[in-house]
Amino acid sequence: MTAEPAPAGAPAPADFIRDIVAQHVAEQRYPRIVTRFPPEPNGYLHVGHAKSICLNFGIARENGGTCNLRMDDTNPAKEDIEYVQAITTDVHWLIDGWADHCLGLKPKGAVPAAQIANGKPDFYAASVPPSDLGHPTSGNEPFYASDYFEQIHAYAVTLIQKGLAYVCDLSPKETEEYRGAPDKPGRDSPYRNRSVAENLDLFARMRAGEFPDGARSLRAKIDMASPNIWLRDPLLYRIRHTTHHHAGSAWCIYPLYDFAHCLSDYLEGITHSICTVEFEVHRPLYDWILGSLDLPRALPHQYEFAKLNLSYMVFSKRRLLHLVQSGAVSSWDDPRLPTLAGVRRRGIPASALRRLAAAVGITKFDSVTDLALFEHIVREDLNVTSQRRLAVLRPVKIVLTNLAPGESVACTATNNPQDETPTTRPINLTREVFIESDDFAEVPPPKYFRLKPGGEVRLKYACIIRCDEVVKDAAGQVTELRCTAELDTRAGQPNADKKVKGTIHWVSASNSIAAEVRLYDRLFNVPEPGADDDFLKHLNAHSLEVVTARVESSLKEVGSGGCFQFERLGYFTTDTQDHRPGFPVFNRTISLKDTWAKPPGAK
RNA sequence: UGCCUGAUGGUGUAAUGGUAGCACAGCAGAUUCUGACUCUGCUUGUCUAGGUUCGAGUCCUAGUCGGGCAGCCA
């Protein structure tokens, strides 16, 4: 059993980062644990981000802390408000009912407030008080790094005043040349030893817009010979005459990630700044910047973990964007995509994502998790929550010759056998019914339990039928099966206990409706498509098949958000875009496990 | 040939000097009005070589292999 991350009071997940946090809590290092989830709004969130969200919000909820949602929006050229909205929606969806009470937001429009901390001037970006967190969307919004531009700029000025930063006139290309290589030290910029006064003047003129993009930059003065590239006088500010989706046209200089991120963490009072391992080499710079500014409050620290990889999927923003733009998938929320919008539309519950995160754990080892684990968790989750219904994807008509036209035999179907006290619904057996074409074989393979000429099978919730005659058209295609219904094998009838090997699903021809069903399968047919630059050649040509199915009439008026198990087939959910009551459109979330005659690797 | 970091069954992880455990996958069986679920059993593992120790997956040394880092991206 793969458990949902434990509720308060039960054992919480353990990993090396939680161990560190627990130690800090034990020694009361911080008054309160504050983490953050800081996406850049330049793309949609995916299942990999879900791991990070679950870690950061999980640590917050396990320790009575908060986790701030922050847009890491320091590069106006790549970011867009569309992504801000999508990210906010996705985060709310993923943590709803689990950690929404820990979500750190701020009042709309709020910027860091001046305060005195430990006798020194300071700025602090507070989240709304815990009592207001119950209504996270009412008047509150995520934090934005761009709301800190004024303070970050002031910190840059401080660094200049301390002789720890300078304005450099090297071009981007020259800067690269001067930087050296991992195994070769860099060379000092000729502008490295400008006076404080000159740096202050130049930096002010950068801000005033006197210079074109790329003409100058602000750099930290650290060590051009450091074995760590990120300590070789890294850039702090660049000139970009671009409007910003959140900050508007207030700025033409923008801080880079390394400078903005650690300071954003500080301003928000973050205690544990958790990121992925590619930032490990940046940590000395993170510490250098914060350590150089004489900041009055406790400093945040950075910890790194390995990002999630799932087999048969790609996660990189570049590749996801390519899939969307090339038309390989329809949109960012295409149900085949591992985006949170996609998996949500696919019908995967947020709880399954949380349980996946708990199941894979947190380490620094670069691993690839078997998609089968995710699929297992999704099935396990849906199995207990999904109402069962009958649907036939590829119908074959059966005529029950011993039933009169218009005759209706009342039967009772169980809604969910997993419930402690299962409820039922009535269904009707009629003269004409549809069964799955897979469930009849004129020439059955060995150990075939389903219907065959002269054979018997049970129609689930109804009775056993016997196949008397196979009717075909001129082309030799089966057009109908003429069968006898053994009505005394219905539940409660004398022969109810009669055993047959197979039980199949069915729908009444007259008491069912047509529905569009989208059968989704994995997007790629190799375990590591991302390992190949030409990853599109590994696309699974059969990742989407659309069929017109027959579904029981109780599904006729189902609203959006419906989630069902179609018995013996899989889990299906109504499509958020195209489903209408009266014109049902179902997406297959995932098939049921099928251990019979499944060619290896076929599914 | 620089720096950082990692390595436990097929996969993902646990064991914090004391019986290598769990989950997924796979295989076999039981059960079944879903060939699902559930249940039972089985196969498979500490990167290598030294060392410390009564005892090493764990500590030390050396090596091997993997990941990351040279955007005015994050």
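Read in order, the letters of the first sequence correspond to residues 146 to 748 in the numbering used here.
A virtual CB, placed ideally from N, CA and C, is assigned to each residue, including glycine.
From a predicted model like this one, the values you see are computed outputs, not experimental measurements.
Is residue i helix, strand or coil when you go by DSSP?
| i | result |
| --- | --- |
| E763 | Since the first residue shown for the chain is 146 and the last is 748, residue 763 is missing from the structure and cannot be characterised. |
| C199 | helix |
| F123 | Outside the modelled stretch of the chain, which goes from 146 to 748, sits residue 123, for which no answer is possible. |
| G675 | helix |
| V645 | coil |
| L574 | strand |
| D683 | The question names Asp, but residue 683 in the sequence shown is His. H683: helix per DSSP, three-state reduction. |
| I580 | strand |
| G746 | Caution is warranted here: a pLDDT of 35 is assigned to G746, below 50, making its placement in the model unreliable, and no coordinate value can be reported. |
| S655 | coil |
| L468 | helix |
| V192 | helix |
| A630 | strand |
| H650 | coil |
| L463 | The residue you asked about is not Leu; residue 463 is Arg in the sequence shown. Here R463 sits in helix by DSSP. |
| A495 | helix |
| P152 | Any answer about P152 is weak, because its pLDDT of 44 lies below 50 and its placement is not dependable; what the coordinates show is given next. Note: P152 maps to coil in three-state DSSP. |
| V586 | Reading off the sequence shown, one finds Ala at residue 586, where the question assumed Val. Of the three classes helix, strand and coil, the one that applies to A586 here is coil, per DSSP. |
| I735 | strand |
| A244 | coil |
| R206 | helix |
| S699 | helix |
| L668 | coil |
| L376 | helix |
| L182 | It should be pointed out that residue 182 corresponds to Phe in this sequence rather than to Leu. Strand at F182. |
| K251 | strand |
| E690 | strand |
| E565 | coil |
| F717 | strand |
| P729 | coil |
Should residue i and residue j be called a contact, given that it needs their Cβ atoms to be closer than 8 Å?
| i | j | result |
| --- | --- | --- |
| N344 | Y311 | yes |
| L714 | L538 | yes |
| I493 | V541 | no |
| K251 | A270 | yes |
| T634 | D613 | no |
| I507 | F288 | no |
| E697 | R463 | no |
| S553 | T575 | yes |
| Y665 | N561 | no |
| P400 | I305 | no |
| T693 | T718 | no |
| S316 | G359 | yes |
| D225 | H386 | no |
| L626 | C608 | no |
| H194 | P184 | yes |
| T219 | L438 | no |
| S496 | Y716 | no |
| I398 | I384 | yes |
In terms of residue numbering, what span does the alpha helix (DSSP H) encompassing residue i cover?
| i | result |
| --- | --- |
| T749 | In the structure displayed, the chain extends from 146 to 748; residue 749 sits before or after that span and is not available. |
| C407 | 402-412 |
| G487 | 485-491 |
| G436 | 428-436 |
| A392 | Looking at the DSSP string, A392 is not in any alpha helix (DSSP H), and its letter there is neither H nor E. |
| A231 | 226-240 |
| V166 | 161-171 |
Would you mind reading off the limits of the beta strand (DSSP E) that contains residue i?
| i | result |
| --- | --- |
| K617 | 609-617 |
| R215 | 211-216 |
| G599 | Unbroken run through G599: none, as it is neither H nor E. |
| E449 | 446-450 |
| R383 | 380-384 |
| A365 | 362-365 |
| Q710 | 708-711 |
Report back the beta-carbon spacing between residue i and residue j to the nearest angstrom; my notes put them in contact at under 8 Å.
| i | j | result |
| --- | --- | --- |
| V578 | V652 | 7 Å |
| T484 | P221 | With a Cβ gap of about 23 Å, T484 and P221 do not count as contacting. |
| V422 | K509 | 6 Å |
| V752 | G210 | Nothing about residue 752 can be read from this structure; the chain reaches only from 146 to 748. |
| R481 | S688 | 5 Å |
| A392 | S471 | 32 Å between Cβ atoms; not a contact. |
| I415 | R181 | 5 Å |
| I232 | L190 | 6 Å |
* **3 or more residues per run - each beta strand (DSSP E) lying fully within the region 256-309** => 258-262, 265-269
* Asked: Can you give, in chain order, each stretch of the beta strand (DSSP E) that sits fully within the region 498-562 and has at least 3 residues?
  -> 532-534, 540-545, 553-559
* What runs of the alpha helix (DSSP H), each 4 residues or longer, lie entirely inside the region 332-359? -> 341-353
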